[in-house]
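Engineer: Residue numbers (the working numbering): 1138 to 1444.
Using N, Cα and C, we set each Cβ at its ideal position, and we do this for glycine too.
What follows is the structure in structure tokens.
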């Protein structure tokens, strides 16, 4: 999902951003040096960026769709590469400038790096919560994204849990400490995020045709989930209750069956049935992974308590 119109996007990010096709550079500090990446900066400006950016770093294969390694160099003394007293040394300056396009922003993980680079090199930098979401994802996949980096990331350099991931875990009722999060939890949580996204995608359409339920059958569906709406229209289209006995009262079931013919030309039956099947499959995947996540979180808590 990207901001609505080209005009809105231009107003929020500027012409240079658009002239560079939405690509920005990222300076990633590693245990033995620095890496410069290209990043599809549009993902910083989606309406739900804080909630969704982390999902693109659930797996390395997915991350490689939006970040690309430009260059990696080791530094004998990283502390002299960039600091408030001496600025940015020649090696790091050349590395940053080599791959930069005019007007292109540089994303950095530390506020002090932003200040130093903007002062010494005149390059506009961005640092903040959304950039830290990006850095969290890149650091957790650092060994894959920067294959030449052989050193492990020190514990003190590991970033706290992604805020977006924390939001999802909290929404599902899981209280997880940052150091409890492991690969399996991240990947499983990303599946739940994708399942939620599918439901959100289909909800407006079913909500729109849901008005027919009230007008034709006098059924109040205001607080129904998208799956319940889809199931109701599947009953109308198929003239069968199927496995939906527990979802609706006997009165609602009767109305849906008795009034089915009245919905002719009001809805696209083929589309309704197709989306219903997709949502049922999605619900099964969501339920399975929610249960799986509960098991993973429980085990992570037990392991955490043993330490």
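Please tell me whether residue 1159 and residue 1179 are closer than 7 Å, where the distance is taken between their beta carbons.
Structural biologist: Residue numbering aside, residue 1159 sits at position 22 when the chain shown is read from its first letter. Residue numbering aside, residue 1179 sits at position 42 when the chain shown is read from its first letter. Against a cut-off of 7 Å, the Cβ pair of residue 1179 and residue 1159 comes out as a contact.
Engineer: Check each candidate in 1320, 1321, 1368, 1319 and name the one with the smallest Cα separation from residue 1343.
Structural biologist: Working through the chain shown from its first residue, we reach residue 1343 at position 206. Cα-wise, what sits closest to residue 1343 is 1368.
Engineer: Compare the Cα-Cα distances from residue 1266 to each of 1419, 1187, 1241, 1370 and report the closest residue.
Structural biologist: Numbered from 1 along the chain shown, position 129 holds the residue referred to as residue 1266. It is 1187.
Engineer: I'd like the span of the beta strand (DSSP E) that includes residue 1183, first residue to last.
Structural biologist: Position 46 of the chain shown, counted from the first residue, corresponds to residue 1183. Looking at the DSSP string, residue 1183 is not in any beta strand (DSSP E), and its letter there is neither H nor E.
Engineer: CB-CB under 6 Å to residue 1354, same chain, minus the five flanking residues each way: which ones, in chain order?
Structural biologist: Here residue 1354 is taken as the residue at index 217 of the chain shown, counted from 1. Around residue 1354: 1392, 1396.
Engineer: Does the stretch 1295–1313 come within contact of the stretch 1167–1184, defined as at least 3 CB pairs closer than 8 Å?
Structural biologist: no
Engineer: Would you mind working out which of 1248, 1254, 1423, 1362 sits nearest residue 1082, comparing C-alpha positions?
Structural biologist: What the structure shows of the chain is the stretch from 1138 to 1444, and residue 1082 is not part of that stretch, so it cannot be assessed.
Engineer: Given this structure, state the Cα-to-Cα distance separating residue 1424 from residue 1388, to the nearest angstrom.
Structural biologist: Along the chain shown, read from residue 1 onward, the residue named residue 1424 stands at position 287. Along the chain shown, read from residue 1 onward, the residue named residue 1388 stands at position 251. Taking the straight line joining both Cα atoms gives about 28 Å.
Engineer: Distance check for residue 1236 and residue 1257, CA to CA, integer angstroms please.
Structural biologist: As a first step, residue 1257 must be located in the chain shown, where it is residue number 120. As a first step, residue 1236 must be located in the chain shown, where it is residue number 99. The alpha-carbon atoms of residue 1257 and residue 1236 are separated by roughly 17 Å.
Engineer: On the DSSP letters alone, give me the boundaries of the alpha helix (DSSP H) that residue 1216 sits inside.
Structural biologist: Translated into positions along the chain shown, residue 1216 becomes position 79. Its alpha helix (DSSP H) spans residues 1215–1218.
Engineer: Taking residue 1203 as the reference, which of 1195, 1373, 1414 has the closest Cα?
Structural biologist: What you label residue 1203 is simply residue 66 of the chain shown in a count that begins at 1. Answer by Cα proximity: 1195.
Engineer: Count the C-beta pairs between the stretch 1401–1412 and the stretch 1360–1377 that are closer than 8 Å, then say yes if the count reaches three, no if not.
Structural biologist: Between the stretch 1401–1412 and the stretch 1360–1377, the count of Cβ pairs shorter than 8 Å is three or higher; the stretches touch.
Engineer: DSSP beta-bridge partners for residue 1369?
Structural biologist: Mapped onto the chain shown, residue 1369 falls at position 232. Answer is none; residue 1369 lacks a bridge partner.
Engineer: Need the endpoints of the beta strand (DSSP E) that residue 1162 sits in, please.
Structural biologist: Here residue 1162 refers to the residue found at position 25 of the chain shown. Here the beta strand (DSSP E) through residue 1162 covers 1160–1166.
Engineer: Which term fits residue 1360, buried or exposed, when burial requires 16 or more other beta carbons within 10 angstroms of its beta carbon?
Structural biologist: Reading the chain shown from its first residue, position 223 is the one you call residue 1360. When all chains shown are included, residue 1360 counts as exposed.
Engineer: Between the Cα of residue 1247 and those of 1399, 1262, 1238, 1324, spot the shortest distance and give me the residue it belongs to.
Structural biologist: Within the chain shown, residue 1247 is the residue found at index 110, counting from 1. Considering only alpha carbons, the answer is 1262.
Engineer: Give the list of continuous beta strand (DSSP E) stretches no shorter than 3 residues that lie fully inside the stretch 1228–1315.
Structural biologist: List check, beta strand (DSSP E) in window: nothing returned.
Engineer: In whole angstroms, give me the CA-to-CA distance for residue 1428 and residue 1163.
Structural biologist: The residue you call residue 1428 lines up with position 291 of the chain shown. The residue you call residue 1163 lines up with position 26 of the chain shown. Computed Cα separation, rounded: 37 Å.
Engineer: Given 8 Å as the limit, is there contact between the stretch 1318–1330 and the stretch 1430–1437, that is, 3 or more CB pairs closer than that?
Structural biologist: Three or more Cβ pairs closer than 8 Å define a contact, and the stretch 1318–1330 meets that threshold against the stretch 1430–1437.
Engineer: Inspect the CB distances between the stretch 1301–1314 and the stretch 1326–1345 and report whether three or more fall short of 8 Å.
Structural biologist: yes
Engineer: Does DSSP classify residue 1343 as helix, strand or coil?
Structural biologist: Start at 1 with the first residue of the chain shown, and residue 1343 comes out as number 206. Of the three classes helix, strand and coil, the one that applies to residue 1343 here is helix, per DSSP.
Engineer: Which partner residues does residue 1170 have in the DSSP bridge list?
Structural biologist: Counted from its first residue, the chain shown places residue 1170 at position 33. For residue 1170, which the question treats as bridged, DSSP gives the partners 1211.
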